[in-house]
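Trainee: In this note's numbering, the protein residues as written are 331 to 504. We put the CB at the ideal spot given by N, CA and C, even for glycine. Only a predicted model underlies this, so the values are computations on that prediction, with no experimental measurement involved.
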Amino acid sequence: MKVIIILDQIQAGLGGKERADTPLGGKKVALGSAETTAKALAKVDGEVIGTFYCGTDYYREHPELVQEKFTKMAAKMAADVVIIGPTYDYPEFSQMACELTAAFQKDTTIPALQATALEKNAAIIEQYKDHLLIVKMPKKGGTGLSVAIDHLVEGCVLAANREDLTAFKNQYCY
């Protein structure tokens with residue numbers, strides 16, 4: 331299973347809020363917090379083939395451009411599934427993640443899942459939960475991260491294999 335992970339500048343390890351203007355980019359490795367997800371994916375023969383990143387301010391100023399570039403690059407790289415996040419309790423990244431997940435649904439056949447914490451994101455989750463796979467995730471520094479990552483990976487396997495996600499969504503998503 332070939333996986334692309336999309337992160338903001340903070341989770342990619344490229345700086346804090348002061349670097350929210352970081353332009354979109356990518357590397358063919360697991361960057362920043364993607365390394366944790368990559369380890370869990372390896373247990374199910376999954377491989378991170380790239381980490382895409384973008385600052386939240388840059389995204390807010392260029393959403394169509396970022397959506398187009400990320401969806402086209404994921405298709406070109408023949409990803410089986412895309413993970414956006416975890417966004418934890420960062421509302422700017424969570425909003426970006428929902429919009430990107432929706433773009434993958436609309437513009438590609440590549441399944442996309444995201445992982446978000448309820449804290450600070452309740453309104454965003456409420457807006458998108460019926461249409462997207464938003465896996466429950468603890469807030470930054472919260473307990474249960476490794477279990478939540480395992481659930482995210484389980485969803486990736488089901489999605490990549492085009493299996494029914496109803497029970498998964500009922501149990502692990504908002």
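Anyone know if the C-beta pair for L337 and G415 falls short of 9 angstroms?
Mentor: Closer than 9 angstroms, so yes.
Trainee: E456: buried (16+ other C-beta within 10 angstroms of its C-beta) or exposed?
Mentor: Under this definition E456 is an exposed residue.
Trainee: Can you give me the C-alpha to C-alpha distance between A497 and A445, rounded to a whole angstrom?
Mentor: So the alpha carbons of these two residues sit roughly 17 angstroms apart.
Trainee: When we look at the beta-carbon of E422 and count the other beta-carbons within 10 Å, is it buried (16 or more) or exposed?
Mentor: Classification for E422: buried.
Trainee: Let me check one thing: in DSSP terms, what residues is F382 bridge-paired to?
Mentor: Answer is I336 and G356.
Trainee: What's the gap between the Cα of Q425 and the Cα of Y458?
Mentor: Those two C-alpha atoms are separated by around 10 angstroms.
Trainee: Quick check on this structure: which residue in D375, A372 and D351 has the alpha carbon closest to the alpha carbon of P393?
Mentor: Per the Cα distances, D351.
Trainee: Taking 8 angstroms as the threshold, find out whether the stretch 373 to 392 comes into contact with the stretch 400 to 413 through three or more Cβ pairs.
Mentor: Output reads yes: the stretch 400 to 413 touches the stretch 373 to 392.
Trainee: Report back the beta-carbon spacing between G485 and L495 to the nearest angstrom; my notes put them in contact at under 8 angstroms.
Mentor: Indeed, because the Cβ distance is near 7 angstroms, the residues count as touching under 8 angstroms.
Trainee: With the cut-off set at 9 angstroms, would you say T367 and V483 are in Cβ contact?
Mentor: Their beta carbons are under 9 angstroms apart, which means T367 touches V483 by this criterion.
Trainee: Measuring only the C-alpha atoms, how far is K499 from V465?
Mentor: Taking the straight line joining both Cα atoms gives about 8 angstroms.
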